[in-house]
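Heads up: the sequence shown at position 54 corresponds to 54 in UniProt numbering, and the numbers run straight through without jumps. Glycine residues also receive a C-beta, built at the ideal position from the N, C-alpha and C atoms. Everything numeric in this text was worked out from a predicted model, so none of it was measured.
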Amino acid sequence: MTPASPEKLSLLPEPELFGLPLCPAKTAGRPRASEAEARTQELVEIAARLFLEKGYSKVSLEMIAKQARVAVRTIYVKFGGKAGLFTAVINAGCAHFFATMHDMETSVRPLREILLDFGLRFGQLVASPQVLAVHRMVIAESMSNPELAQAFFEAGPRQTREALQRFFARPDIRSQLRGDMTPEALTVHLLNCIMGDQLKRYLFVINQTLPMPDVLRQVEVGVDLFLGGALQK
1 MTPASPEKLS
11 LLPEPELFGL
21 PLCPAKTAGR
31 PRASEAEART
41 QELVEIAARL
51 FLEKGYSKVS
61 LEMIAKQARV
71 AVRTIYVKFG
81 GKAGLFTAVI
91 NAGCAHFFAT
101 MHDMETSVRP
111 LREILLDFGL
121 RFGQLVASPQ
131 VLAVHRMVIA
141 ESMSNPELAQ
151 AFFEAGPRQT
161 REALQRFFAR
171 PDIRSQLRGD
181 MTPEALTVHL
191 LNCIMGDQLK
201 RYLFVINQTL
211 PMPDVLRQVE
221 VGVDLFLGGA
231 LQK
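So this is what it looks like as structure tokens:
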């Protein structure tokens, strides 16, 4: 199996909105399982568009329900409310970028190859205009809507960190790395090497973005920097 490369991952399609395709029009009568799944996906897509266009606090469940042509009760049943629906939006975005990635908990590829695969996808995810827009929205509204910040953290950053911690806790991976660094510390250092300072530039300097090939090259340098300090000597 060949290592991940910037050239390969730069060919991942740039999603119109988190990779969520437009769904077909509704049909009359009780929906089949596939139709019900498509309608749920459409509901998530509509919610994502409204959140990005208007901001989380200015979007009501009634507004989403009207555009999706569903009852507000349906949103509560499926997602538990607006925060749950926002969580589904974040989950859909992450799934688009990581769907074709090998499972980090079971992959037997070389350590560097696994980290490059993760890092390149993670770099493309956080540098995408849609994700940056969501990130900025969460920062702007987190004080007035703490449920928004909590939902974003639980569905995005926390899931990423926990997946990396499980990976670094694998005995075969642990044996290759310094014994004085915990899985939690390794996770923090890897993410900082990959995208720490650059993410701040993306978030707070508008239009301060790199071409995707440059992002991916930067990620590769970050992974090698991490391994230079974390590998057993």
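Alpha carbons only, please: which of the options is nearest the one belonging to residue i?
| i | options | result |
| --- | --- | --- |
| L216 | L120, T87 and L203 | L120 |
| A47 | E184, S34, Q232 and I75 | I75 |
| T40 | R49, E62, V221 and A68 | A68 |
| K82 | Q130, S107, A95 and Q150 | Q150 |
| R174 | S34, R73 and A230 | A230 |
| A127 | L210, L191, L225 and L190 | L210 |
| K200 | E35, A155, I139 and R49 | I139 |
| H96 | L125, G84 and V77 | L125 |
| K54 | R158, V134, H189 and G156 | V134 |
| D224 | R49, A38, V77 and L190 | L190 |
| R161 | M104, Q130 and D197 | M104 |
| R49 | I64, A36 and A38 | I64 |
| Q130 | V59, E37 and L52 | L52 |
| V108 | K66, V188, M181 and P171 | P171 |
| residue 235 | V70, D117 and C94 | Nothing about residue 235 can be reported from this structure: the residues present for the chain run from 1 to 233 only. |
| G196 | H102, V221 and M101 | V221 |
Go through its chain and collect everything with a Cβ distance to residue i's Cβ below 7 angstroms, but skip five positions before and after it.
| i | result |
| --- | --- |
| Y56 | F86, M137, E141, N145 and L148 |
| A88 | V44 and F79 |
| Q232 | Q176, L177 and R178 |
| E62 | V72 |
| A163 | M104 |
| Q198 | Q218 |
Check residue i in the structure and name its three-state DSSP category.
| i | result |
| --- | --- |
| L210 | coil |
| Q232 | coil |
| L216 | helix |
Can you name, in chain order, every residue of its own chain whose Cβ lies under 6 angstroms from the Cβ of residue i, other than the five neighbours on each side?
| i | result |
| --- | --- |
| F168 | P183 and L186 |
| V219 | G119, L120, G123 and I194 |
| L132 | Y202 |
| F98 | R121 |
Considering only residues of the same chain and omitting the five flanking positions on each side of residue i, which have a CB-CB separation below 8 angstroms?
| i | result |
| --- | --- |
| L227 | L111, R112 and L115 |
| I90 | V134, A151, F152, A155 and G156 |
| V77 | none |
Inset, instruction - Scan the stretch 75 to 109 and note each continuous alpha helix (DSSP H) run of 4 residues or more that stays entirely inside, going in chain order. - result: Runs of the alpha helix (DSSP H) inside the stretch 75 to 109: 82 to 98.
Inset, instruction - Run through the stretch 96 to 171 for me and flag every whole alpha helix (DSSP H) of 4 or more residues, listed as ranges in chain order. - result: Every unbroken stretch of the alpha helix (DSSP H) spanning 4 or more residues and falling wholly within the stretch 96 to 171 is given here in chain order: 111 to 127, 129 to 141, 146 to 155 and 157 to 168.
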